[in-house]
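Undergrad: The structure under discussion is supplied below as structure tokens; questions concerning it will follow.
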Amino acid sequence: MDELIKNNILELSFGLHFGWAIEGAIGSSYKIDLSYLSENVNIASRLQDISKIYKNNIVISGDFYDNICRSIDFSKSTDLDKELFSWKCEVEWPCISAPKLKIMDKCPFRWTYIDNNLCIAPEDYIGHCSPAMDFSNYNFEMRIRWANECNVEWNTLPKSEYMPLSHKKLRTNVLGGPVEESGNVMNITYRN
């Protein structure tokens with residue numbers, strides 16, 4: 006039996022997607038005869054199929070990733086917990102003194118402002134988005150998403166505008182605190 010087990014390897018693959026599995030009024034007094042598997046099940050099945058092509062046991066959709074990402078309070082986490090989370094989720098921890106960005110500027114860093122709210126990318130721009138953009142109708146969140154998708158940075162505020170003098174020296178007894186989705190530390194917990 007041991008020899009048989011050694012020669013056989015069980016391989017599992019998963020396709021993960023977010024959405025309803027069954028659509029219809031199943032288990033309800035309003036039940037109708039029209040109940041069916043949702044298209045989300047088909048998407049998950051297709052993701053599982055392509056896991057073989059990519060030689061990866063788990064393939065997740067963008068919807069699945071977006072729905073499992075949320076703000077997490079790490080203030081009570083150990084350094085090991087944070088390290089494991091960082092490794093598993095491919096996360097980099099932000100610096101406490103990370104520069105604040107001028108997200109609502111007319112144009113991103115190194116882009117040139119032209120009349121009529123038009124911003125032109127520098128000649129060396131290699132992102133996949135348009136090199137000419139009008140941000141006048143973009144709100145804060147839209148600008149952040151656009152910059153992430155297009156590999157563009159916004160200008161930074163001078164340190165004196167976002168870092169009060171009392172915080173310029175980093176205390177040695179800092180424990181950390183919960184981190185917002187934007188990467189900012191919401192509040193800092195200090196040792197007594």
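Each residue of the sequence shown is one higher than the one before, starting from 6 at the first, in the working numbering.
Using N, Cα and C, we set each Cβ at its ideal position, and we do this for glycine too.
1) According to DSSP, is residue 157 helix, strand or coil?
2) In three-state terms, what does DSSP make of residue 42?
3) Using only the alpha-carbon positions, how far apart do residue 91 and residue 121 sit?
4) For the alpha helix (DSSP H) holding residue 94, just list the boundary residues, first then last.
5) Within its chain, find whatever has a CB closer than 7 Å to the CB of residue 158; leave out the 5 residues flanking it on each side and keep chain order.
6) Quick one: residues in its chain with C-beta nearer than 6 Å to the C-beta of residue 136, no 5 flanking neighbours on either side, listed in chain order?
7) What does a CB cutoff of less than 6 Å around residue 138 pick up in its chain, not counting 5 residues either side in sequence?
8) Does DSSP put residue 69 in a helix, a strand or coil?
9) Measuring only the C-alpha atoms, how far is residue 133 from residue 148?
10) What are the partner residues of residue 124, as DSSP defines its beta bridges?
11) Could you say which of 8, 52 and 13 lies nearest to residue 68 if we only look at CA atoms?
12) Which same chain residues end up closer than 8 Å to residue 24 when comparing Cβ atoms and leaving out the 5 residues on each side of it in sequence?
13) With burial defined as no fewer than 16 other Cβ atoms inside 10 Å of the residue's Cβ, what is the status of residue 19: buried or exposed?
14) According to DSSP, simplified to helix, strand and coil, what is residue 77?
TA: Taking the coordinates as given:
1) Coil at residue 157, not helix or strand.
2) Three-state DSSP puts residue 42 in a strand.
3) Cα-Cα distance, rounded: 43 Å.
4) Here the alpha helix (DSSP H) through residue 94 covers 84–94.
5) 113, 114 and 152, listed in sequence order.
6) Contacts found: 126 and 130.
7) Closer than 6 Å at Cβ, skipping near neighbours: 124.
8) Residue 69 carries a helical assignment under DSSP once its states are collapsed to helix, strand and coil.
9) Residue 133 and residue 148 have their C-alpha atoms spaced approximately 16 Å apart.
10) According to DSSP, which records beta bridges pairwise, residue 124 is partnered with 118 and 138.
11) Just measuring C-alpha positions, the residue of 8, 52 and 13 sitting nearest residue 68 is 52.
12) The beta carbon of residue 24 lies closer than 8 Å to those of 43, 44, 45, 48 and 68 in the same chain, with the five residues before and after it left out.
13) When all chains shown are included, residue 19 counts as exposed.
14) In this structure, residue 77 counts as strand in the three-state DSSP scheme.
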